[in-house]
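What follows is a short report on a single structure.
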Ligand code: NAI
């Protein structure tokens with residue numbers, strides 16, 4: 072396997088590993104707080120440049136996510152250009168991880184499953200194996216409740232509030248379930264997979280989203296793909312709150328200012344979706360303690376309140392406030 076390194080002023084290491092059947096980029100943004108942590112994303116990216124843009128942005132977000140969540144881990148990410156995770160690819164991912172000798176730890180992400188990571192684990196110890204998706208959903212709920220409370224429009228209850236959960240995968244489905252157990256919101260769901268929509272709609276207060284419903288949505292929870300806030304909608308989105316699990320929800324961070332000016336409370340994705348990495352960190356710390364991971368995840372709401380208070384005091388978007396708080400530990 073060949074390795075090509077690229078220098079970047081803001082990243083500790085960027086390496087591309089490739090041979091005839093394998094193409095993978097690892098970006099280590101920072102190990103200032105500890106080993107870099109970040110999932111292994113496997114996608115049929117059209118070009119190496121597309122994969123590079125993704126890995127750089129995701130690795131940096133991991134640094135901020137770990138710092139703000141008070142974890143002693145840094146930020147990194149691995150992307151593999153492929154259609155499917157074959158056994159050969161998974162074993163090569165393991166070989167790549169061994170080259171970092173523990174300074175980079177990965178886990179599942181889009182395109183990889185806990186079973187895939189178990190195969191990677193056959194050749195390397197540098198993986199997190201516990202599926203943190205339900206914990207991610209728990210953290211998103213914690214952030215959503217805190218944002219709703221802060222927003223003051225609905226008091227401390229989500230009763231009757233219209234919420235759209237976009238994507239009913241490993242995070243969106245448990246989030247929908249938790250929401251349906253909490254107060255009595257009207258939950259609208261969407262997914263490309265109709266069977267998941269039917270499954271979710273069997274829960275009380277859950278409905279399949281129609282185009283017309285979008286106008287009435289107060290809380291939008293992107294739990295599918297990133298870049299859902301883009302030039303085509305950033306000026307017209309009027310949800311009270313955007314709070315979901317998807318990484319890189321804003322096509323560009325400058326959109327946080329547009330949303331802020333339009334009174335849309337955008338909860339930084341890497342703040343809301345930290346539950347998964349908290350599970351990974353707790354797993355890496357020693358025998359996994361689920362209660363500890365839950366307690367740390369439930370702090371996400373309080374952390375968001377601190378961010379919102381700072382944002383209010385300084386008249387800046389919550390994303391900017393969250394970055395400043397995260398940067399304190401990175402100095
Ligand atoms: P997943 O792959 O299990 O689920 C995504 C779901 O979104 C799938 O059911 C898919 O059919 C659906 N989908 C795709 N495009 C859609 C569209 N245009 N409209 C509606 N639905 C669509 O992924 P998972 O694990 O649930 O993650 C969701 C998002 O959260 C991803 O962006 C992921 O990067 C992010 N995330 C996940 C974490 C985790 O613990 N699983 C942790 C942190 C972030």
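Numbering (our numbering), first residue to last: 72 to 402. For every residue, glycine included, the Cβ atom is placed at its ideal position computed from N, Cα and C.
Relative to the C-alpha of residue 348, which candidate in 178, 79, 149 and 88 has its C-alpha closest? 178
To test your reading of the DSSP string, which unbroken alpha helix (DSSP H) runs of 4 or more residues are found completely within the stretch 150 to 195? 158 to 171 and 185 to 191
Rounded C-alpha distance that separates residue 223 from residue 119: 45 Å
Of the listed residues 397, 366 and 260, nearest to residue 378 (C-alpha basis): Of 397, 366 and 260, the residue nearest in Cα terms is 397.
Residue 231 classed as buried or exposed, judged by whether at least 16 other C-beta atoms fall within 10 angstroms: exposed
Run of the alpha helix (DSSP H) containing residue 399, from where it starts to where it stops: 389 to 399
I need the DSSP call for residue 114, collapsed to helix, strand or coil. strand
Whole-angstrom C-beta distance between residue 130 and residue 98, which should lie under 8 Å: 4 Å
Of the choices 84, 190 and 255, whose alpha-carbon is the least far from that of residue 145? 84
Evaluate residue 306 with the Cβ neighbour count: other Cβ atoms within 10 Å of its Cβ, from every protein chain shown; 16 or more gives buried, anything less gives exposed. With fewer than 16 other Cβ atoms within 10 Å, it is exposed.
Helix, strand or coil at residue 256 [DSSP, three-state]: coil
Pick from 203, 77, 142 and 341 that is closest to residue 102, judged by C-alpha positions: 142
Tell me where the alpha helix (DSSP H) around residue 66 begins and ends. Nothing can be reported for residue 66: it is not among the residues displayed for the chain, which extend from 72 to 402.
Do the stretch 309 to 319 and the stretch 334 to 348 touch if we need at least three Cβ pairs shorter than 8 Å? yes
Roughly how many angstroms lie between the CA atoms of residue 388 and residue 308, to the nearest whole one? 16 Å
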